[in-house]
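For any residue, its number in our numbering is found by taking its place in the sequence shown, counting from 1, and adding 19.
Note that the Cβ used here is the ideal one computed from N, Cα and C, for glycine as well.
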Amino acid sequence: MESSSDNKYLVTRSVYSEPAFQEQHEKREIIHKPFKQKLKNTFSCTPKKAFGIAKTLIPVLDWLPKYRWKEWILQDIIAGVSVGLISALQGLAFGLMAGVPIQFGLYSSFFPVLMYCFFGTSRHISVGPFPVVCLMVGIVTISMAPDEQFAITINGTETAIDTAARDAARISICGTLTFLIGILQLSLGVFQIGFIVRYLADPLIGGFTTAAAFQVTVTQIKTILNVPAKNYNGVLSIIYTIIDIFSNIAQTNFADLIAGLLTLVIVLVVKEINERYKEKIRIPIPIEIIVTIVATGISYGANLAGKYNAGIIKTIPSGFIPPASPDVSLFSQLISSAFSIGIVAYAIAISVGKVYGTKNNYKVNGNQEFIAFGISNMFAGVFSCFCASTALSRTAIQEGTGGKTQIAGMISALMVLIAIVAIGRLLEPLQKSVLAAIVVANLKGMYMQVRDIPVLWRQNRWDAVIWVFTCISAIILGLDLGLLAGLVFGLLTVVLRVQFPSCTSLANIPHTDLYKDVKIYKELIEPGGVRIIRFSSGIFYGNIEGLKSGIKKNSWI
Numbered sequence: 020m021e022s023s024s025d026n027k028y029l030v031t032r033s034v035y036s037e038p039a040f041q042e043q044h045e046k047r048e049i050i051h052k053p054f055k056q057k058l059k060n061t062f063s064c065t066p067k068k069a070f071g072i073a074k075t076l077i078p079v080l081d082w083l084p085k086y087r088w089k090e091w092i093l094q095d096i097i098a099g100v101s102v103g104l105i106s107a108l109q110g111l112a113f114g115l116m117a118g119v120p121i122q123f124g125l126y127s128s129f130f131p132v133l134m135y136c137f138f139g140t141s142r143h144i145s146v147g148p149f150p151v152v153c154l155m156v157g158i159v160t161i162s163m164a165p166d167e168q169f170a171i172t173i174n175g176t177e178t179a180i181d182t183a184a185r186d187a188a189r190i191s192i193c194g195t196l197t198f199l200i201g202i203l204q205l206s207l208g209v210f211q212i213g214f215i216v217r218y219l220a221d222p223l224i225g226g227f228t229t230a231a232a233f234q235v236t237v238t239q240i241k242t243i244l245n246v247p248a249k250n251y252n253g254v255l256s257i258i259y260t261i262i263d264i265f266s267n268i269a270q271t272n273f274a275d276l277i278a279g280l281l282t283l284v285i286v287l288v289v290k291e292i293n294e295r296y297k298e299k300i301r302i303p304i305p306i307e308i309i310v311t312i313v314a315t316g317i318s319y320g321a322n323l324a325g326k327y328n329a330g331i332i333k334t335i336p337s338g339f340i341p342p343a344s345p346d347v348s349l350f351s352q353l354i355s356s357a358f359s360i361g362i363v364a365y366a367i368a369i370s371v372g373k374v375y376g377t378k379n380n381y382k383v384n385g386n387q388e389f390i391a392f393g394i395s396n397m398f399a400g401v402f403s404c405f406c407a408s409t410a411l412s413r414t415a416i417q418e419g420t421g422g423k424t425q426i427a428g429m430i431s432a433l434m435v436l437i438a439i440v441a442i443g444r445l446l447e448p449l450q451k452s453v454l455a456a457i458v459v460a461n462l463k464g465m466y467m468q469v470r471d472i473p474v475l476w477r478q479n480r481w482d483a484v485i486w487v488f489t490c491i492s493a494i495i496l497g498l499d500l501g502l503l504a505g506l507v508f509g510l511l512t513v514v515l516r517v518q519f520p521s522c523t524s525l526a527n528i529p530h531t532d533l534y535k536d537v538k539i540y541k542e543l544i545e546p547g548g549v550r551i552i553r554f555s556s557g558i559f560y561g562n563i564e565g566l567k568s569g570i571k572k573n574s575w576i
């Protein structure tokens with residue numbers, strides 16, 4: 020009905036009623052399939068259905084037949100060679116943090132890649148060591164096999180460390196830990212529990228990785244200075260490490276310090292150039308490789324180890340060690356650490372994979388990624404590698420140099436293999452401080468996450484608080500307890516946000532369709548006789564009182 024006096028419209032419709040709805044729809048015949056038919060459809064197997072299941076479990080069967088050899092193979096080769104050289108070098112550098120002989124960093128850059136190429140759904144991530152994960156592994160291996168446990172007495176007075184026995188124990192622990200991580204990841208994938216990572220929100224991961232970057236930096240400073248310092252673990256361990264470093268600062272080896280500082284400055288400057296001019300520079304300058312070659316040549320030519328007692332790699336054995344079965348008796352001691360390390364490694368990999376999947380218009384399956392990393396880590400654990408994840412810098416290079424599929428990953432593994440069997444021994448004169456500086460330089464992106472705090476504060480203050488709380492907890496309590504504290508705090512904020520949500524009154528911005536909070540914005544227009552109230556949560560028994568008080572608070576009565 021229309022009223023001509025005020026140009027207002029009144030629309031009438033039939034009154035809705037539940038009985039009328041039921042009466043209208045009760046005539047529809049509901050067809051139930053017999054239970055026998057349901058079982059037959061569920062368990063029947065046709066060639067097409069079997070191949071579909073196989074493609075889901077082994078994604079390489081899906082993308083490899085569609086591979087555009089003429090268009091993509093050259094780009095994958097370029098990306099694979101570039102990433103492979105970086106992977107070999109970073110493997111050595113990150114191996115310093117895992118508490119095992121340095122060549123196991125190379126193994127950890129090789130074996131996991133082989134499995135992931137078949138089972139993974141991301142076409143661009145570079146599988147291998149990640150500094151945060153390596154540090155978490157190192158904390159476990161060093162705490163379970165400390166130097167003091169392998170002290171021996173020489174000539175009745177002097178004491179020394181039986182490095183052979185210590186390294187053997189740590190290698191066994193590392194391999195067992197990685198194998199157990201693989202079992203847990205595979206189980207989570209098989210039982211479709213990929214959703215668990217949803218509780219590791221971006222602010223939590225950002226705060227945790229920033230704290231881990233700080234811990235990695237502190238552990239590498241003692242290598243750059245080449246000063247004696249104990250390995251601490253647990254609450255306030257980072258504080259004790261800093262005190263230890265400064266108490267022995269007078270013993271700094273200046274040859275290592277100068278080499279480390281020069282490496283750090285040069286790598287950071289060139290990485291900034293690569294980032295700033297990435298549109299013009301098709302292939303990023305491989306500064307880590309250049310610096311390593313130059314530093315190795317200088318160390319060998321000047322005999323820095325002999326003249327200045329510089330800390331060098333000394334020995335990189337060629338070839339592989341034989342596979343070894345994990346020590347099942349250690350599972351009970353490693354289970355909690357394995358779970359936290361496995362979740363962190365997976366969360367980092369899946370977040371990076373989804374970024375590049377979205378960018379290149381393909382889907383990364385969370386549950387299948389659990390399966391892929393589980394199989395990769397179980398396979399790598401047999402060869403005493405440490406837990407695999409991905410590295411932001413390597414993945415950026417693989418995608419930025421034109422890599423299209425995991426064939427680039429296979430080629431990068433081939434480059435690491437060449438380093439293992441042939442080139443590795445040429446790097447024996449390289450100073451460890453150079454590798455430590457390369458590790459620190461690759462943490463720049465994690466430190467830059469600090470800039471997220473003001474953005475999070477403007478968007479959602481709870482997220483900013485989660486970031487800061489997790490970061491501080493991980494620094495003070497250690498990475499494992501800090502992650503647990505951050506997770507519990509994040510879940511607590513969810514409960515608080517649901518139980519005590521914000522309740523605001525909205526009004527219209529003139530000449531627009533936008534409605535904003537009347538307490539924040541001025542000159543808003545409220546519809547006549549209507550008060551719009553926004554309650555930022557679902558309504559349930561826990562917040563019904565908050566809804567009532569919010570309505571009263573924002574009411575015009």
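Between the alpha carbons of Gly226 and Arg553 lies a gap of roughly 31 Å. Ala220 has its alpha-carbon roughly 42 Å from the corresponding atom of Gly547. Counting only unbroken stretches of 4 or more residues, the alpha helix (DSSP H) elements lying wholly within the stretch 108-143 are 122-127, 130-138, in sequence order. Rounded to whole angstroms, the separation of the alpha carbons of Tyr86 and Glu545 is 59 Å. When secondary structure is reduced to three states using DSSP, Val537 falls in the coil class, being assigned neither helix nor strand.
Annotated as proximal: Val286 and Ile306, with beta-carbon spacing under 8 Å. In the three-state reduction of the DSSP assignment, Gln168 falls in the helix class. Closest by C-alpha distance to Leu207, out of Thr195, Ile390, Leu462, is Ile390.
Under the three-state reduction of DSSP, Gly338 is assigned to coil, being neither helix nor strand. Look at the stretch 464-504 and you find these whole runs of alpha helix (DSSP H), each 4 residues long or longer: 471-478, 480-496.
Here the alpha carbon of Leu280 sits roughly 20 Å from the alpha carbon of Met465.
Take the alpha-carbon of Met429 and the one of Ala399: they are about 15 Å apart. A residue is called buried when at least 16 other Cβ atoms come within 10 angstroms of its Cβ; Trp486 meets this threshold and is buried. Pairing Phe113 with Ile180, the inter-Cα distance amounts to about 23 Å. In the DSSP assignment, Ser359 falls within the unbroken alpha helix (DSSP H) covering 350-378. DSSP, read as helix, strand or coil, puts Asn527 in strand.
When DSSP assignments are scanned along the stretch 242-291, the uninterrupted stretches of alpha helix (DSSP H) that are 4 or more residues long and fall wholly within it turn out to be 256-266.
Ile558 places its beta carbon 8 Å or farther from that of Ser524. Between Ile268 and Gly325, the alpha-carbon positions lie close to 22 Å from each other. Residue pairing by DSSP puts Gly147 in a beta bridge opposite Ser408. Annotation for Ile457: the continuous alpha helix (DSSP H) segment containing it runs 451-460.
For Arg553, the uninterrupted beta strand (DSSP E) run begins and ends at 551-554, by DSSP. Non-local beta-carbon contacts of Phe137 in its own chain, meaning distances under 7 Å to residues more than five positions away in sequence, involve Ile77, Val79 in chain order. For Ala187, the enclosing alpha helix (DSSP H) starts and ends at 182-209. Excluding sequence positions up to five before and after Val237, its CB lies within less than 8 Å of the CB of Ile257, Thr260, Ile261, Ile264, all in the same chain and listed in chain order. Excluding five sequence positions before and after Thr229, the CB atoms of its chain that fall closer than 6 Å to its own CB belong to Met465, Gln468, Cys490, given in chain order.
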